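Residue 1 is where the sequence shown starts when you use full-length UniProt numbering, and the numbers rise one by one after that.
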Amino acid sequence: MSAETLNKEILRGGQFLVKETDCEDVFTLEDLTEEQKMMRESTKEFVDRELWAHWERFEKKDYAYTEACMRKAGELGLLSVAVPEAYGGMGMGFVSTMLVCDYISGATGSFSTAFGAHTGIGTLPITLYGTEEQKQKYVPKLATGEWFGAYCLTEPGAGSDANSGKTKAVLSKDGKHYSITGQKMWISNAGFCNLFIVFARIEDDKNITGFIVENDPSNGITLGDEEKKLGIHSSSTRQVFFNETQVPVENMLSERGNGFKIAMNALNVGRIKLAAACLEAQRRVINEAAKYANERVQFKTPIINFGAIKAKIADMATNAYVDESACYRAAKDIEDRIAIREADGNSHQEAELKGVEEYAIECSILKVAVSEHVQHTTDEGIQIFGGMGFSADTPMESAWRDARIARIYEGTNEINRMLAVGMLVKKAMKGHVDLLGPATAVGEELMGIPSFETPDFSELFSEEKDMVARLKKVFLMVAGSAVQKFGPDLEKHQMLLMSAADILIQIYLAESAILRTEKNAKRFGENPQATQIAMAKLYLYRAVDIVRQQGKEAIVSFAEGDEQRMMLMGLKRFTKYTNQPNVVELRTQIANKVAADNGYVFD
């Protein structure tokens with residue numbers, strides 16, 4: 001790691017809200033090394049050859065083909081990118097693992113789910129929490145694809161409330177093994193995995209415990225039938241039943257009662273990786289939609305020339321660009337935090353655990369935003385294709401169905417919205433993020449007389465960055481007042497948390513796109529970045545509307561009288577443009593670029 005990385009101040013998780021970020025300090029896709037670019041190309045070649053060319057097979061519940069493709073990915077080393085070299089992996093940084101997860105996941109949700117379940121929650125708990133003996137025994141097999149992993153957390157009565165599982169682990173009289181009995185459901189890769197990460201409760205422990213369980217049918221393990229699902233048709237998803245399954249005591253993962261912590265930290269990694277897994281899906285849908293719109297002629301002109309289609313193409317491309325910006329910004333922050341911890345003497349295990357945990361807020365933000373954007377993109381893709389989009393003979397229909405699961409797994413979007421705000425408030429209470437000072441300053445500003453001077457916004461993004469700073473004031477005003485009013489009971493007011501979360505999400509995404517584009521405009525020139533500049537401005541315009549709407553909904557719901565009037569005036573002040581952007585012009589510019597290039601070319 002460079003001395004520059006060690007010496008520069010890296011914002012802690014959530015601090016983007018109260019501290020200014022310089023554009024030079026964000027990582028973008030344009031910053032990839034030559035090695036990373038080669039890795040991206042080899043991943044795309046694999047996907048085009050093995051997955052995209054055979055997308056129909058995944059719709060026909062060809063589970064064997066999914067498994068075969070996973071084995072090929074293992075042979076190419078694509079399953080081992082995040083695995084340390086000591087255990088047969090490539091030991092690459094967090095950005096590189098995000099990159100592979102991104103570009104391997106766009107062709108079909110079936111393979112994307114199998115890949116994510118294996119490399120993430122099926123392998124990471126062992127690399128991050130396992131003993132040296134456990135890692136030596138299992139991780140090399142998982143890294144090469146000789147073995148596949150699965151993750152058994154969810155139960156019929158334990159979904160979002162993961163720690164309420166009823167599966168039991170009973171220690172034998174001789175103290176040599178645990179006997180596990182219980183039922184798990186929605187287990188990805190269950191039909192072909194060799195190893196389960198299983199969570200069970202010992203006696204009446206408050207928290208569950210994790211175990212590494214080899215998949216041996218003769219050891220009390222049976223599988224339900226393949227689930228009939230809306231999408232991800234060739235992702236093997238089954239119930240798993242354990243009936244006095246014998247597990248050696250040395251296969252306990254970490255410590256007794258540490259399972260809930262393992263599960264939550266595994267999900268933090270899973271959330272940002274899930275966001276990455278939705279990026280290439282958006283790009284491919286945009287590519288197919290642009291090609292079709294260029295070729296489809298109605299009223300004697302390609303439909304790409306109609307404003308209604310241009311608006312859709314522009315919004316789809318903008319979402320993808322913004323999502324890339326935010327995902328890789330957060331990925332590099334995590335990578336840098338891991339490197340700093342390692343330099344301070346932490347083990348790789350501890351450094352990665354704490355590095356990802358530090359940015360749990362951003363992980364939840366990204367999971368929500370990108371999963372919702374990919375759903376919108378696939379929906380608009382169907383609309384552009386018209387009747388053909390509704391046909392199973394085109395990939396739009398399957399892309400739409402596959403996208404739907406992303407808003408549910410790795411914690412529902414509702415849970416993640418509440419987590420993002422809840423974790424931020426907890427960080428503030430611990431003194432890790434100073435929300436009180438800035439929130440107090442915003443309150444004082446509201447009581448003062450506003451300036452009526454017209455600021456100089458001649459520099460690129462000067463007005464947009466000023467707007468982002470004011471959107472942060474909206475969050476501080478709303479969240480600060482809500483915390484004052486409800487204190488620890490704030491978590492009971494879920495609708496308010498949801499509104500606050502939507503404001504938080506829009507701030508992070510809009511700022512990420514602006515910073516990426518500003519950085520690239522400085523080094524490549526503004527003209528080559530003209531479309532990216534348009535996308536950053538368009539997204540911010542839409543973000544301001546969302547912040548205004550969610551801010552108003554929150555304010556009128558918990559504030560009354562003079563306080564309400566003052567906050568609504570503040571909301572109006574903080575979301576007011578000096579110079580409104582020409583939205584039709586921005587959308588036209590973006591759509592024309594996508595049309596000319598016959599697809600998405602901004603990565």
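Glycine included, each C-beta is placed from N, C-alpha and C at the ideal position. Values in this document were obtained by computation on a predicted structure and should not be read as measured data.
Note down the Cα distance separating residue i from residue j, rounded to an integer number of angstroms.
| i | j | result |
| --- | --- | --- |
| G224 | F241 | 8 Å |
| F457 | I415 | 39 Å |
| T33 | T440 | 43 Å |
| I180 | L571 | 55 Å |
| E464 | K576 | 11 Å |
| D102 | K332 | 14 Å |
| Q506 | L540 | 8 Å |
| Y178 | L76 | 37 Å |
| E459 | E526 | 11 Å |
| residue 608 | K552 | In this structure the chain extends from 1 to 603, so residue 608 is not present and cannot be described. |
| N7 | A428 | Note that N7 scores a pLDDT of 48, beneath 50, so its modelled location is shaky; the value from the coordinates is reported in the next line. Roughly 25 Å separates the two Cα atoms. |
| G599 | I121 | 33 Å |
| K228 | G270 | 24 Å |
| V356 | N265 | 8 Å |
| A554 | E155 | 35 Å |
| L142 | D489 | 44 Å |
| R523 | Q532 | 14 Å |
| N243 | T237 | 20 Å |
| I405 | P438 | 38 Å |
| E288 | F385 | 9 Å |
| Y151 | N305 | 48 Å |
| A86 | G149 | 19 Å |
Is the beta carbon of residue i sitting closer than 8 Å to the one on residue j?
| i | j | result |
| --- | --- | --- |
| T26 | R516 | Looking at the sequence shown, residue 26 is not Thr but Val. Contact: yes. |
| A501 | R401 | no |
| G93 | E335 | yes |
| G389 | G381 | yes |
| L274 | E410 | yes |
| S96 | S235 | no |
| L99 | M39 | yes |
| A420 | S347 | no |
| I309 | A293 | yes |
| L328 | T28 | The question names Leu, but residue 328 in the sequence shown is Tyr. It is a contact, given that the beta carbons lie within the stated cut-off. |
| A290 | V594 | yes |
| V83 | T123 | yes |
| W55 | P395 | yes |
| G13 | E358 | yes |
Among the candidates the options, whose CA atom is the shortest distance from the CA of residue i?
| i | options | result |
| --- | --- | --- |
| A469 | V18, G13, E9 and L11 | V18 |
| L436 | K473, M467, P450 and A351 | K473 |
| S325 | V370, T412, V297 and Q580 | V370 |
| I262 | F299, W147 and E352 | E352 |
| E20 | Y508, N598 and I121 | Y508 |
| V433 | F602, D466 and L476 | L476 |
| L449 | S398, M569 and A399 | Looking at the sequence provided, one finds Ile at residue 449 rather than Leu. Of the candidates S398, M569 and A399, the one whose C-alpha sits nearest the C-alpha of I449 is M569. |
| R284 | T531, W52, Q15 and Q564 | W52 |
| I232 | I384, P248 and G106 | G106 |
| M566 | Y138, I365, S481 and F486 | S481 |
| N258 | L128, A64 and Y63 | L128 |
What residue does the alpha helix (DSSP H) around residue i start on, and which one ends it?
| i | result |
| --- | --- |
| Q246 | Taken as a continuous stretch (DSSP letters only), Q246 belongs to no alpha helix (DSSP H), being part of the beta strand (DSSP E) at T237 to P248. |
| W400 | P395 to R404 |
| L17 | That residue, L17, is in no alpha helix (DSSP H); it is neither H nor E in DSSP. |
| residue 607 | This structure cannot speak to residue 607, because the chain is shown only from 1 to 603. |
| G116 | G109 to G116 |
| C327 | G307 to A343 |
| F46 | E34 to F46 |
| A479 | S462 to F486 |
What residue does the beta strand (DSSP E) around residue i start on, and which one ends it?
| i | result |
| --- | --- |
| V198 | L195 to I202 |
| H432 | Neither: H432 is in no beta strand (DSSP E) and is coded neither H nor E. |
| F211 | T209 to E214 |
| I180 | H177 to S188 |
| L29 | Taken as a continuous stretch (DSSP letters only), L29 belongs to no beta strand (DSSP E), as it is neither H nor E. |
| V170 | K168 to L171 |
| I221 | I221 to L223 |
| A150 | G149 to C152 |
Subject >> At least three beta-carbon pairs within less than 8 Å, the segment 67-85 to the segment 194-201 >> reply: Flag = no, the segment 67-85 and the segment 194-201 do not touch.
Original post:
Counting pairs of Cβ atoms below 8 Å between the segment 208-215 and the segment 247-254, do you hit three or more?
Top reply: The segment 208-215, when compared against the segment 247-254, does touch it at the 8 Å Cβ threshold.
Original post:
Is it true that the segment 368-386 meets the segment 273-286, where meeting means three or more beta-carbon pairs spaced less than 8 Å apart?
Top reply: Flag = yes, the segment 368-386 and the segment 273-286 touch.
Subject >> Cβ contact check for the segment 501-513 and the segment 532-550: 3 or more pairs under 8 Å >> reply: Contact between the segment 501-513 and the segment 532-550 is present, with at least three C-beta pairs closer than 8 Å.
Original post:
Does the segment 486-498 come within contact of the segment 583-594, defined as at least 3 CB pairs closer than 8 Å?
Top reply: Short answer: they don't touch.
**OP:** Kindly confirm or deny that the segment 181-196 and the segment 220-234 touch, where touching means at least three C-beta pairs closer than 8 Å.
**Re:** Between the segment 181-196 and the segment 220-234 there are three or more inter-stretch CB-CB distances shorter than 8 Å, so the stretches are counted as touching.
Original post:
Do three or more CB pairs link the segment 155-172 to the segment 113-122 at distances below 8 Å?
Top reply: Fewer than three pairs of CB atoms, one per stretch, sit closer than 8 Å, so the segment 155-172 makes no contact with the segment 113-122.
**OP:** Pair every Cβ in the segment 306-316 with every Cβ in the segment 585-599, then say whether three or more of these pairs are closer than 8 Å.
**Re:** Yes: at least three Cβ pairs fall under 8 Å.
Original post:
Counting pairs of beta carbons, one from the segment 439-454 and one from the segment 476-485, are three or more of them closer than 8 Å?
Top reply: Because the criterion of three Cβ pairs below 8 Å is met, the segment 439-454 and the segment 476-485 touch.
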